[in-house]
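The structure appears right after this line, and notes come after that.
Residue numbers (our numbering): 542 to 638.
Written as structure tokens, this is what we have:
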């Protein structure tokens, strides 16, 4: 069984980074999703798609996957490029319009 291990990205609508500290392990979808005939709800017979596990470190997630004989696909987080800005730059003489 394949699992995906990743560090979630920061929410674009918030400035905080609280949800980006832990590593997340999710199972790959095992069955296709189908629409219910009567109500139109989307469902699946695969219950592993509902499971998310959180780990403090990448090593803990990899150890868990190895212990349970899971194939871990690790996605490394991308580095953020931080541009330091100041409010005064909006009124600078060298400002490009």
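Virtual Cβ for every residue (Gly too), placed ideally from N, Cα, C. Here the structure is a predicted model, which means the values were calculated and not measured.
Exercise for the section: Could you check if residue 554 is buried or exposed, using at least 16 other CB atoms within 10 Å of its CB as the buried criterion? Expected result: Along the chain shown, read from residue 1 onward, the residue named residue 554 stands at position 13. Answer is exposed; the Cβ neighbour count stays below 16.
Exercise for the section: Would you check if the distance between the CB atom of residue 556 and the CB atom of residue 572 is smaller than 9 Å? Expected result: In the chain shown, the residue the question calls residue 556 occupies position 15. In the chain shown, the residue the question calls residue 572 occupies position 31. Contact flag unset, no.
Exercise for the section: Leaving out five residues on either side along the sequence, give the residues of the same chain with a beta carbon under 7 Å from the beta carbon of residue 587. Expected result: Within the chain shown, numbered from 1, the residue matching residue 587 stands at position 46. Excluding positions up to five away in sequence, the list reads 570, 571, 572.
Handout entry: residue 582 burial status per 10 Å Cβ neighbour count (16 or more: buried)
Key = Position 41 of the chain shown holds residue 582. Classification for residue 582: exposed.
Problem - Whole-angstrom distance between residue 560 and residue 616, CA atom to CA atom - result: Within the chain shown, the letter at position 75 stands for residue 616. Within the chain shown, the letter at position 19 stands for residue 560. Those two C-alpha atoms are separated by around 17 Å.
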